[in-house]
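>
Number of protein chains: 2
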Amino acid sequence: MESELLFGEFQRSLDDRYRVGIPADLLEPMDLQSGQAVLAKERPGCLSLWNAGLWRQKMDASIKVLQGKIQAGRLEGRLNEVQQLGRLLSTRHRDVKLSDRGRLLIPEGFREFLQVEPGDDAMVIGAAVCVEIWRPNAWVDYLNQRMPRFSKLFDKLVE
Amino acid sequence: MESELLFGEFQRSLDDRYRVGIPADLLEPMDLQSGQAVLAKERPGCLSLWNAGLWRQKMDASIKVLQGKIQAGRLEGRLNEVQQLGRLLSTRHRDVKLSDRGRLLIPEGFREFLQVEPGDDAMVIGAAVCVEIWRPNAWVDYLNQRMPRFSKLFDKLVE
DNA sequence: ATGCTTTGTGGGAATTCAACCCATCCAGTG
DNA sequence: CACTGGATGGGTTGAATTCCCACAAAGCAT
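In order, the protein sequences belong to chains A and B. Here the first sequence stands for residues 1 to 159, numbered as in the numbering used here. Here the second sequence stands for residues 1001 to 1159, numbered as in the numbering used here.
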């Protein structure tokens, strides 16, 4: 299904209406059907943009696991937690449609999460299976914290 | 495949457009196909430049493995980790193409990492399997710190 | 219902930046 | 002392990105 992995780091700026241009290098391999995509809240200062089909796969897999656990009675006493999870899942993502030349309008509710103002810069990052949009600050913080463990993670996934 | 090892230490200056000339003594043995190369962030103050083919041996092979695993669905439940790895891979290296007489344009994002301003000097070092570009400061610091252990390392690798 | 305001979309103009190419400068050499 | 090859600087072109404005759609108040 999805063949190409997404890589690359780009600096982009938001225009006065909270739009970012997604670079062609990342947009093409994403292979969006008429611009249909899913935008998700990843962590404060970071959003992720998914091919709608791939997102569905990802969600289905998680939901299947959850369903299995419920049926096995393993979450018996924790139904309220499941309910809470369901609630969070609802706000965590939203369908979006990229306009003409691959421009993404960051919707209300996601702007605050990303903590950006119109005109601010943003980093657009290829994250193998999706594209991420970072507040520059959050990005460098993340790198400083996470880069040291890079090779361990790399080995784990490749071996 | 690659036979010649790269050695030599050269001082070069960045012009006002962030270009460095790679000395012919290093460029020739690198044997780049139409200037195709890979630039990687080695450590703050140091970038490394690789023959694209050699880099592929080093890294792309692993990425192919990863890609294969994903397509086989073997990382279905671990997309998070793949995503995380992808992120880190994205900042770490970048395809570059050396222009006319082996001049390298240091791309946005690598300039800050190397901590250079236009017009600054840089050291261009043959590191056996690749060429490194150092901020002069970082280079002497590294030498001061590392040189004492040089002979031990030398013996270890040669014996 | 109508007009005003806010928000999203499209696209053109302006600007920035890298690729390309050539000119100059300098050192080493015959 | 002219010549050669490498290093550096700079102009021009062309593409990509940003800035900005006009238009459309939706929401709100009168």
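Ideal Cβ positions, reconstructed from N, Cα and C, are used throughout, including at glycine. Keep in mind it's a predicted model, so treat the numbers as computed, not measured.
Closer than 7 Å by C-beta to Asp25/A: which residues in its own chain qualify, once you throw out the five before and the five after it? Chain order, please.
Counting only residues of its own chain and dropping the five nearest sequence neighbours on each side, Asp25/A has a CB closer than 7 Å to the CB of Gly8.
> List the endpoints of the continuous alpha helix (DSSP H) containing Gln57/A.
52–71
> Nearest-angstrom Cα distance between Ala61/A and Val129/A?
15 Å
> Is DSSP giving Met1001/B helix, strand or coil here?
Residue placement at Met1001/B cannot be trusted, given a pLDDT of 48 that sits under 50; the coordinates are not used to answer.
> Locate the beta strand (DSSP E) running through Leu1160/B, then write down its first and last residues.
Residue 1160/B is absent from the structure shown; chain B starts at 1001 and stops at 1159.
> Would you kindly check if the distance between the Cβ of Val1131/B and the Cβ of Leu1014/B is under 8 Å?
In this structure, Leu1014/B sits away from Val1131/B, with a CB-CB distance that is not shorter than 8 Å.
> Under 8 Å, Cβ to Cβ, is there at least one residue of chain B near Glu108/A?
Not a single CB atom of chain B sits nearer than 8 Å to the CB of Glu108/A.
> Which residues mark the beginning and the end of the beta strand (DSSP E) in which Gly1021/B is found?
1019–1021
> Tell me which residues of the region 88–114 of chain A have at least one Cβ-Cβ distance to chain B shorter than 8 Å, keeping chain order.
none
> Among Asp31/A, Ser34/A, Ala40/A, Ile133/A, whose alpha-carbon lies nearest the alpha-carbon of Ser1090/B?
Of the candidates Asp31/A, Ser34/A, Ala40/A, Ile133/A, the one whose C-alpha sits nearest the C-alpha of Ser1090/B is Ile133/A.
> Assuming Val1170/B and Pro1023/B are in contact, meaning their beta carbons sit under 8 Å apart, how far apart are those beta carbons, in whole angstroms?
Outside the displayed range of chain B (1001 to 1159) lies residue 1170/B, so it cannot be described from this structure.
> Mind the definition here: the region 1132–1152 of chain B touches the region 1104–1121 of chain B only if three or more C-beta pairs lie below 8 Å; say whether that holds.
yes
> With distances taken between CB atoms, is the gap from Ala52/A to Ala40/A smaller than 8 Å?
no
> Looking at Leu1098/B: is its Cβ nearer than 8 Å to the Cβ of Gly1045/B?
no
> Can you tell me where the beta strand (DSSP E) holding Leu1039/B begins and where it ends?
1036–1043
> Does the distance between the C-beta of Thr91/A and the nearest non-hydrogen atom of the ligand FMN fall short of 7 Å?
This structure simply doesn't include the ligand FMN, nor any ligand for that matter.
> Just to confirm, are Val20/A and Ala138/A a CB contact at a threshold of 8 Å?
no
> Just checking: is the beta-carbon of Leu1049/B within a distance shorter than 8 Å of some beta-carbon in chain A?
no
> DSSP beta-bridge partners for Glu1009/B?
Ile1125/B
> Could you have a look at Asp1016/B and say whether DSSP puts it in helix, strand or coil?
coil
> What do you get for Met1001/B, buried or exposed, if any count of 16 or more other CB atoms within 10 angstroms of its CB means buried?
Residue placement at Met1001/B is poorly supported in this model, since its pLDDT is 48, which falls under 50; the coordinates still yield a value, given next. With fewer than 16 other Cβ atoms inside 10 Å of its own Cβ, Met1001/B counts as exposed.
> Skipping 5 residues on each side, what residues in its chain have a beta carbon closer than 8 Å to that of Ala127/A?
Leu6, Ser48
> Would you please state the rounded distance, in angstroms, between the beta carbons of Val1082/B and Leu157/A? I believe it to be under 8 Å.
By a beta-carbon distance limit of 8 Å, Val1082/B contacts Leu157/A. Their separation comes to about 7 Å.
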